[in-house]
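One structure is given here, and the rest of the page talks about it.
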Amino acid sequence: AQSVTQPDIHITVSEGASLELRCNYSYGATPYLFWYVQSPGQGLQLLLKYFSGDTLVQGIKGFEAEFKRSQSSFNLRKPSVHWSDAAEYFCAHNNAGNMLTFGGGTRLMVKP
Amino acid sequence: DTGVSQNPRHKITKRGQNVTFRCDPISEHNRLYWYRQTLGQGPEFLTYFQNEAQLEKSRLLSDRFSAERPKGSFSTLEIQRTEQGDSAMYLCASSRGAGGENIQYFGAGTRLSVL
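Here the protein sequences line up with chains A and B, keeping their order.
Going by this note's numbering, the first sequence opens with residue 129, and the numbers climb by one from there.
Going by this note's numbering, the second sequence opens with residue 3, and the numbers climb by one from there.
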């Protein structure tokens, strides 16, 4: 079965520090990969996506992610975290146009 | 686009009661999806529609759950004889088309609490 794994349930970083959130997927064909962010009481907002081509993709709010087929990973990064980035982050993939399969999420806390 | 709208935002009900949630997708999006998210977990797929046709249902969608999209616009999700295990956030999403590259846009969700 297809699956998405986010190994880190919680991460705490200091404001201004760099951030990397890990995502691993198990999928044989070309992956359609996404990162979403969810603030408390809110729905999911798309940060970025990867379908094909350049393996480093840029998203909103200064986020980027790198697709590494050899490692089955799609890690999310940000060079300098802001307090407003505190939220829950979900990695997901799309099985050819139908449902999204999500990881369990990583809750990011930002220390002042 | 005005975004995906879900109502109500919160619903508290007693065990055994029926509840109905509504989702209004982004206009002209022909696909509509329902997901369920329990505390501390990622969303899990329940079902999706293409226009008015319900094309796929997850095993999570027990017989007590029914979803409709009568005119291919808004959708309703009904849970009959609610159980405490139904307590969750119910998320709706919509997309313009099919294929792996279609982007699903999410509403803010309906949080259900079953007492």
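Note that CB positions come from ideal geometry on N, CA and C, so glycine has one too.
Beta-ladder partner(s) of A90(B), from DSSP: According to DSSP, A90(B) bridges with L114(B).
Does any residue of chain D bring its CB to less than 9 Å from the CB of E46(B)? The displayed structure is made up of protein chains A and B, and chain D is not among them.
Quick check: the Cα distance between G187(A) and K16(B), rounded to an integer number of angstroms? A straight line joining the alpha-carbon of G187(A) with that of K16(B) spans about 42 Å.
Quick one: is E54(B) near chain A, going by C-beta distance under 9 Å? The beta carbon of E54(B) does not come within 9 Å of any beta carbon belonging to chain A, so the residue lies off that interface.
Under the rule that 16 or more other beta-carbon atoms within 10 Å means buried, what is T140(A), buried or exposed? Exposed.
When you compare only the Cα positions, how much space is there between M91(B) and G232(A)? In this structure, the CA atom of M91(B) is about 15 Å from the CA atom of G232(A).
Residues from the region 68-101 of chain B in contact with chain A, defined by Cβ distance under 7 Å: Residues passing the 7 Å Cβ filter: L93, A100 and G101.
Contact set for K13(B): own chain, Cβ-Cβ below 8 Å, skip 5 residues either direction: Scanning its chain for C-beta atoms nearer than 8 Å, with the 5 sequence neighbours on each side dropped, one finds around K13(B) the residues V21, F23, T112, R113, L114 and S115, in chain order.
Who are the near neighbours of A215(A) in its chain, counting only those whose CB is closer than 7 Å to its CB and skipping five residues on each side? Within the same chain, A215(A) has close Cβ partners V165, Q166, S167 and L236.
Taking only the alpha-carbon atoms, compute the straight-line gap between E194(A) and E58(B) and give it to the nearest angstrom. Answer to the nearest angstrom: the Cα atoms are 31 Å apart.
Taking beta-carbon pairs under 7 Å, can you tell me which members of the region 206-232 of chain A lie near chain B? Within the region 206-232 of chain A, the qualifying residues are F218, N222, A224, G225, N226, M227, L228, F230, G231 and G232.
Got a sec? Which residues, its chain only, sit under 8 Å from P72(B) by beta carbon, not counting five neighbours each side? Non-local C-beta neighbours of P72(B) in its own chain, meaning closer than 8 Å and more than five positions away in sequence, comprise E54, ordered along the chain.
Within this structure, are the beta carbons of S198(A) and R150(A) separated by less than 9 Å? No, they are not a contact pair.
Output, in sequence order along the chain, the residues in the region 168-198 of chain A whose CB is closer than 8 Å to any CB in chain B. For the region 168-198 of chain A, which is checked against every Cβ of chain B, the residues closer than 8 Å are G169, Q170, G171, L172, Q173, L174, K177 and F179.
Continuous beta strand (DSSP E) stretch holding V21(B): start and end: Element bounds for V21(B): V21 to D26.
Using the beta-carbon of each residue, which ones in chain A are nearer than 7 Å to E103(B)? Taking the beta carbon of E103(B) as reference, the chain A residues within 7 Å of it are Y160 and F179, listed in sequence order.
Just to make sure I have the definition right: I need the residues of chain A whose C-beta is within less than 8 Å of the C-beta of E30(B). Which are they? One finds nothing in chain A with a Cβ atom closer than 8 Å to the Cβ of E30(B); even the nearest lies about 18 Å away.
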